[in-house]
Amino acid sequence: MATLTNKWFLVFSLIWLIIFTCTKFGIYFYWPIQFYLIDLIAVPIIGNLSLAFYRFILKNQLARLSFWHIAFIVLSLIVVFEWYMPKSNSRYSADIFDVVMYILGGLFFGLVMNCKKSKVR
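Sequence positions in the sequence shown follow our numbering and run 16 to 136.
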């Protein structure tokens, strides 16, 4: 599964793991990193995992997620984390910048990461 070895996926997953682990140990980063970077890389990480699963199911390493697949991921994150969670738990707050980060992450995934696997020459 070459999709799971995508350099962007590996870098974004490592960044997420570092921020998550540090937060668990009480180490916090400068606020844009702590709060917005995670939202920015969420769609590329989830999208890449979805793409790997999609390619596995179809048995086609050239398959790509459609615009609608990516839009579904972005809208799902927005609805859950910017609408539902803030209404159901006071720990969460809705933020328009989070929405912008999800959309930018979706654009990055769609334009850069969601590509056909290049053939080795």
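Note that beta-carbon positions come from the ideal geometry of N, C-alpha and C, so glycine has one too.
Item	Value
Buried versus exposed call for residue 125 [16 or more other C-beta atoms within 10 Å across all chains shown]	buried
Pairwise C-alpha distance: residue 56 and residue 111	16 angstroms
Stretch-stretch touch, CB-based, cutoff 8 angstroms, three pairs: the segment 88 to 104 with the segment 24 to 42	no
Expected contact under 8 angstroms - CB spacing of residue 47 and residue 27 to nearest Å	About 16 angstroms separates the two Cβ atoms, so there is no contact after all.
8 angstroms contact criterion, which residue 91 and residue 101 should meet: CB distance rounded	Contact doesn't hold; Cβ gap of about 15 angstroms is too wide.
Cα-Cα separation, residue 69 to residue 78	8 angstroms
Distance between residue 116 and residue 80 (C-alpha atoms, nearest Å)	20 angstroms
DSSP three-state assignment for residue 108, whether helix, strand or coil	coil
Residue 118 versus residue 89 - alpha carbon distance	6 angstroms
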